[in-house]
Amino acid sequence: MRRLLILLALVSGTTLAQPFPSKPVRWVVPFPPGGATDIIARIVAQKMSEAWAQPVVVENRAGAAGAIGSEAVARAAPDGYTILMGTTSTHAVGPAVNPRLPYNHLTDFAPVTLVATFPNVLVAHPSTAASLQELIALLKANPGKYNFGSSGAGSSTHLAGELFKQMTGTDINHIPY
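Per our numbering, the very first residue in the sequence shown carries number 195; after that it's consecutive.
Here is the structure:
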């Protein structure tokens, strides 16, 4: 009798569980459409939709270096149907530079998987500089004349640019996109 009760307890839990997902999943990308994070999310969302036979809808909620989209996910029902494409900007840099974020990066989210890694690269037009040494010399000779772009203020690309400026003693303008 005891074995039968244990077996019934185990089986009843699995029969009551609904398959996941049983409705569309919303995947929030906390950055504008067209960037690397958005493109990767859309590629993966398409494959997830096919595998799950349910739509995975990518929703861009840009602003405040990812804080707006991150807050939307943190405040959503914790049912697995709203997920975040978190990045170093939303979960490492943001909390380090803004202690008043509207979410707690450690307790409001449950990590699921590493989707991708993005290296930062330094590029210049070859007619301007053919090497790193030439680029640094050019920047030092023309303080404030050249710009560097980033994915937003406080992003990892912004901080990488600021670190480059500090390490090389150059004066270049930050242009957040």
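Note that the Cβ used here is the ideal one computed from N, Cα and C, for glycine as well.
Query: Taking the alpha-carbon positions, what's the Ala-239 to Val-267 distance?; Result: 17 Å
Query: Would you kindly work out how many angstroms separate the C-alpha atoms of Leu-201 and Ala-211, rounded to a whole number?; Result: Residue placement at Leu-201 is poorly supported in this model, since its pLDDT is 42, which falls under 50; the coordinates still yield a value, given next. When rounded, the distance between both Cα atoms is 16 Å.
Query: Let's see if you can read the secondary structure: which residues bound the alpha helix (DSSP H) around Val-267?; Result: 261 to 269
Query: For the candidate residues Ala-245, Arg-294, Leu-333 and Lys-359, whose alpha-carbon lies nearest to that of Ile-262?; Result: Arg-294
Query: What distance in whole Å lies between the Cβ atoms of Asn-298 and Gly-338, which are believed to be in contact at a cut-off of 8 Å?; Result: Their Cβ separation, rounded to whole angstroms, is 39 Å, which puts Gly-338 and Asn-298 out of contact at 8 Å.
Query: I need the straight-line Cα distance from Thr-307 to Ser-216, nearest angstrom please.; Result: 21 Å
Query: Can you list, in chain order, the residues of its chain with a C-beta nearer than 6 Å to that of Ala-323? Leave out the 5 residues immediately preceding and following it.; Result: Leu-329 and Leu-332
Query: Does the Cβ-Cβ distance between Gly-288 and Gly-348 come in under 8 Å?; Result: yes
Query: By the three-class DSSP mapping on this structure, what secondary structure does Phe-303 have?; Result: coil
Query: Going by CA-CA distance only, name the one from Trp-246, Ala-247, Ala-245 and Val-251 that's closest to Ile-233.; Result: Val-251
Query: Classify His-352 as buried or exposed, calling it buried when 16 or more other Cβ atoms lie within 10 Å of its own Cβ.; Result: buried
Query: Go to Val-251, then tell me how far its beta strand (DSSP E) extends in each direction, as first and last residue.; Result: 250 to 254
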